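Chemist: Mind looking over this structure? Questions follow.
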Amino acid sequence: MSQKKIQSLQIVYPNLYRWIVEELEEKFCIHSYDIQADAIQKENGVEVIIRFGQYFHHQKKEFLSNPIERSSEEFNKFIHKIGKACREVLIDDYFKMMTP
């Protein structure tokens with residue numbers, strides 16, 4: 001069994017990357033520089049890996065099946081899960097940084 005290669009989501013699926021960034025910014029005030037997005041191409045979809053937080057140590061993974069649609073329930077649940085987790089970590093990181 002061959003290992004699939006991790007690639008930048010921005011290169012592999014530029015539309016999906018753009019949708020994720022737009023949705024996270026609109027719904028959670030999370031910007032493209034707050035995340036790193038990678039992908040592993042699979043036979044019937046893509047595994048998306050989103051890294052966030054200070055030094056991008058936190059991550060969430062999700063498999064999205066083809067064809068990926070921005071309006072699908074699968075995509076919206078993914079955005080909500082990523083946005084909520086990322087926002088919590090970014091807020092925690094901010095307060096740790098501001099504490100004397």
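Under my numbering, the residue at position 68 of the sequence shown is numbered 68, and the numbers go up by one with no gaps. C-beta atoms are modelled at their ideal positions from N, C-alpha and C, and glycine is treated no differently. Every value quoted in this text rests on a predicted model; they were computed, and no experiment measured them.
With 7 Å set as the bound, which would you pick, yes or no: does the beta-carbon of Ser71 sit closer than that to a beta-carbon of chain B?
Modeler: The chain labelled as chain B is not found in the depicted structure, where only one protein chain is given.
Chemist: Whole angstroms are fine: how far does the CA of Ile68 sit from the CA of Ile91?
Modeler: To locate residue 91, count along the sequence shown from 1; it is residue 91. To locate residue 68, count along the sequence shown from 1; it is residue 68. Cα to Cα, the separation comes out at about 30 Å.
Chemist: Buried or exposed for Cys86, going by 16 or more other Cβ atoms inside 10 Å?
Modeler: Indexing the sequence shown from 1 puts residue 86 at position 86. Buried, by the Cβ-count rule.
Chemist: Are Phe63 and Ile35 close, meaning C-beta to C-beta below 7 Å?
Modeler: Residue numbering aside, residue 63 sits at position 63 when the sequence shown is read from its first letter. Residue numbering aside, residue 35 sits at position 35 when the sequence shown is read from its first letter. Not closer than 7 Å, so no.
Chemist: Rounded to whole angstroms, what's the CA-CA distance from Phe95 to Val46? Just pull it up for me.
Modeler: Here the question's residue 95 lines up with position 95 in the sequence shown. Here the question's residue 46 lines up with position 46 in the sequence shown. About 34 Å.
Chemist: So His80 is in the alpha helix (DSSP H); what residue range does that whole segment cover?
Modeler: Reading the sequence shown from its first residue, position 80 is the one you call residue 80. Per DSSP, His80 belongs to the alpha helix (DSSP H) from Glu73 to Met98.
Chemist: State buried or exposed for Ser2, treating a residue as buried only when at least 16 other CB atoms are found within 10 Å of its CB.
Modeler: Here the question's residue 2 lines up with position 2 in the sequence shown. Reliability fails at Ser2, whose pLDDT of 47 lies under 50, so the model's placement of it is uncertain and no value is given.
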